[in-house]
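When we follow the working numbering, the leftmost residue of the sequence shown carries the number 16, and every step to the right adds one. Built from N, CA and C at the ideal position, the CB exists for glycine as well.
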Amino acid sequence: MGDSVSKPPILELKNISYSYHSLQGETLALSDISFQVHEGEFIAIVGPSGCGKSTLLSILACLLEPELGTIQFQNPDGSIHYPHIGYMLQRDYLFEWRTVYKNVTLGLELNRKKTKENLAFVDTLLKEYDLYDFKDKKPSELSGGMRQRAALIRTLALKPQILLLDEPFSALDYQTRLQVSGDIGNIIHKSKKTAILVTHDLSEAISLADRVLILSGRPAHIKRDLPVRLTKASDSLIASRNAPEFASYFNILWEELSNEK
Numbered sequence: 016m017g018d019s020v021s022k023p024p025i026l027e028l029k030n031i032s033y034s035y036h037s038l039q040g041e042t043l044a045l046s047d048i049s050f051q052v053h054e055g056e057f058i059a060i061v062g063p064s065g066c067g068k069s070t071l072l073s074i075l076a077c078l079l080e081p082e083l084g085t086i087q088f089q090n091p092d093g094s095i096h097y098p099h100i101g102y103m104l105q106r107d108y109l110f111e112w113r114t115v116y117k118n119v120t121l122g123l124e125l126n127r128k129k130t131k132e133n134l135a136f137v138d139t140l141l142k143e144y145d146l147y148d149f150k151d152k153k154p155s156e157l158s159g160g161m162r163q164r165a166a167l168i169r170t171l172a173l174k175p176q177i178l179l180l181d182e183p184f185s186a187l188d189y190q191t192r193l194q195v196s197g198d199i200g201n202i203i204h205k206s207k208k209t210a211i212l213v214t215h216d217l218s219e220a221i222s223l224a225d226r227v228l229i230l231s232g233r234p235a236h237i238k239r240d241l242p243v244r245l246t247k248a249s250d251s252l253i254a255s256r257n258a259p260e261f262a263s264y265f266n267i268l269w270e271e272l273s274n275e276k
């Protein structure tokens, strides 16, 4: 992260609350959520099932509007537009009737941004993430990990300022999940992208994130904002999980979540 915390946050949530409404009444999902996101940070969000983690991402993506509270932002260039958001979901949502190349350029196509410069950027991403030789294949010809890398390239092609990741590895088997989460984590860190990950996997949160936000049960509030500093020999996921501090962080998260009813 470097000295990013010394700079103004790119995004700041202040006292965000949100309720779901039905014929049976009102259900408060989020209550008084406040935190800052600095440029280049990787933040993980954990909490009990159904506590509102995905709801929070939907608010950040402007798919839902908070009932109370404000979201403030300050772009590094001083502009006042809302940061451009990239959203990776639990499934890759690649279209089988399109080649890998046509899938990863779909966002550019829909946004009328298929410029020479942007297409060259896609080629660079495909080469860097070992998918260039598969660009004319169909998604069914790719492994699960390759499909997730293709989904990430499709998201990165639009050059988002902030990446939102809603359990993008949950559909993968355990071994593939370890490999892909490590690969994508390294991609995000090396590109210095700002990212917010929702996950149920505590080990994943610790090994990937600079900070972990621990949410309470519904209505969710932030129980703890936990900075993560690991002493590791390399940038690999295995090195993160072998770090001497890893077990201590895991125990903190486990204790916080175990206390939730």
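Beta-carbon proximity list for residue i, same chain, < 6 Å, skipping 5 on both sides
{"i": "H99", "result": "P175, Q176"}
{"i": "D148", "result": "none"}
Cut-off 7 Å between Cβ atoms - residues of its own chain near residue i, not counting five sequence neighbours on either side
{"i": "R169", "result": "N118, V119, L121, G122"}
{"i": "L79", "result": "Y33, T70, S73"}
{"i": "D240", "result": "F50, R226, L228"}
{"i": "L167", "result": "M103, I199, I202"}
{"i": "R162", "result": "D107, L109, P154"}
{"i": "K152", "result": "T114, V115"}
{"i": "S218", "result": "R256, F265"}
Where residue i falls, given that 16 or more other Cβ within 10 Å makes a residue buried
{"i": "Y8", "result": "Residue 8 lies beyond the residue range present for the chain, which begins at 16 and ends at 276; the question has no answer from this structure."}
{"i": "K244", "result": "Looking at the sequence provided, one finds Arg at residue 244 rather than Lys. Flag for R244 reads exposed."}
{"i": "R116", "result": "Per the sequence presented here, residue 116 reads as Tyr, with Arg not at that position. Per the 10 Å Cβ criterion, buried."}
{"i": "F110", "result": "exposed"}
{"i": "H36", "result": "exposed"}
{"i": "Y264", "result": "buried"}
{"i": "C77", "result": "exposed"}
{"i": "S64", "result": "exposed"}
{"i": "D216", "result": "buried"}
Residue interval of the alpha helix (DSSP H) (run including residue i)
{"i": "T85", "result": "T85 -> not in any alpha helix (DSSP H); beta strand (DSSP E) instead, spanning 83-88."}
{"i": "R106", "result": "Where R106 is concerned, there is no enclosing alpha helix (DSSP H), given that its DSSP letter is neither H nor E."}
{"i": "Y116", "result": "115-119"}
{"i": "T130", "result": "Unbroken run through T130: none, as it is neither H nor E."}
{"i": "K68", "result": "68-75"}
{"i": "N266", "result": "261-273"}
Cut-off 8 Å between Cβ atoms - residues of its own chain near residue i, not counting five sequence neighbours on either side
{"i": "N30", "result": "D47, I48, S49, L83, G84, T85"}
{"i": "G17", "result": "Only weak support exists for where G17 lies, its pLDDT of 47 falling under 50; the value from the coordinates is given anyway. Result list for G17: G55, in chain order."}
{"i": "N126", "result": "L173"}
Endpoints, the beta strand (DSSP E) within which residue i is located
{"i": "A210", "result": "209-213"}
(request) May I have a chain-ordered list of the beta strand (DSSP E) segments no shorter than 3 residues that lie completely inside the segment 155-192? (result) Runs found: 177-181.
(request) Give, in chain order, every unbroken run of the beta strand (DSSP E) that is at least 3 residues long and sits entirely within the segment 38-64. (result) Counting only runs of 3 or more, we get 40-52, 57-61.
(request) Taking 8 Å as the threshold, find out whether the segment 61-71 comes into contact with the segment 210-227 through three or more Cβ pairs. (result) The segment 61-71 makes contact with the segment 210-227; the number of CB pairs closer than 8 Å reaches 3 or more.
(message) Could you tell me which whole alpha helix (DSSP H) segments of length 4 or greater appear in the segment 191-255?
(response) For the segment 191-255, the full-length alpha helix (DSSP H) segments reaching 4 residues or more read 217-223 along the chain.
(request) Tell me, please, whether the segment 184-199 touches the segment 249-267 by the rule of three or more beta-carbon pairs shorter than 8 Å. (result) Result yes; three or more Cβ-Cβ pairs closer than 8 Å.
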